[in-house]
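Visitor: Here's a structure for you.
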Amino acid sequence: MTTGVLMSLRGRIVAVALAPCLAFAAVAGVAIADRMAQRAEVVQVEDLVGLASRISAFVHEGQRERGGSSLFLASKGTQFKAELVAQRARTDAARQGLA
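For reference, each letter of the sequence shown is one residue, going 338 to 436 in the working numbering.
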């Protein structure tokens with residue numbers, strides 16, 4: 338009779354101790370999954386910020402090329418040729434930065 342009561346008591350103690358442990362594990366699992374999702378979003382935002390920066394640099398160089406082309410055409414091709422060639426190279430380099 339004592340063995341049956343002892344096993345029942347042991348089972349109760351295990352059940353009482355196991356319930357909070359399982360609850361803690363579940364909460365910890367949800368928290369870890371949430372942190373992983375946040376980290377993935379941060380990585381994606383970092384990638385997009387880098388892309389936006391490269392796009393901005395490309396657009397800026399394109400605008401500079403447009404201005405240089407305007408000066409070259411306004412001079413009827415007699416001035417600013419070297420500057421325009423150099424600017425086109427910078428624009429091409431910025432475009433390659435997007436790849």
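Beta carbons are placed, not taken as given, at the ideal position from N, Cα and C, and that holds for glycine.
Determine the extent of the alpha helix (DSSP H) in which K418 is found, giving its start and end residues.
Guide: For the purposes of this step, residue 418 is identified with residue 81 of the sequence shown, where counting begins at 1. Where K418 is concerned, the enclosing alpha helix (DSSP H) stretches over K418 to Q433.
Visitor: Comparing C-alpha positions only, which one of R432, K413 and L408 sits nearest to L421?
Guide: Numbered from its first residue, the sequence shown carries residue 421 at position 84. Nearest of R432, K413 and L408 to L421, Cα basis: L408.
Visitor: For F419, which of A431, P357, S406 and D429 has the nearest alpha-carbon?
Guide: Within the sequence shown, the letter at position 82 stands for residue 419. Here residue 419 turns out to be Ala, not Phe, going by the sequence shown. Comparing Cα-Cα distances from A419 to each of A431, P357, S406 and D429, the minimum goes to S406.
Visitor: So, for E398: in the same chain, excluding its five sequence neighbours on each side, which residues have a beta-carbon less than 6 Å away from its beta-carbon?
Guide: The count along the sequence shown starts at 1 and reaches residue 398 at position 61. Closer than 6 Å at the Cβ level, and outside the excluded window around E398, lie R427, T428 and A431.
Visitor: Considering only the alpha carbon of each residue, which of R425, G366 and V386 lies closest to Q400?
Guide: Taking the sequence shown and counting its residues from 1, the one referred to as residue 400 is at position 63. Nearest C-alpha to Q400: R425.
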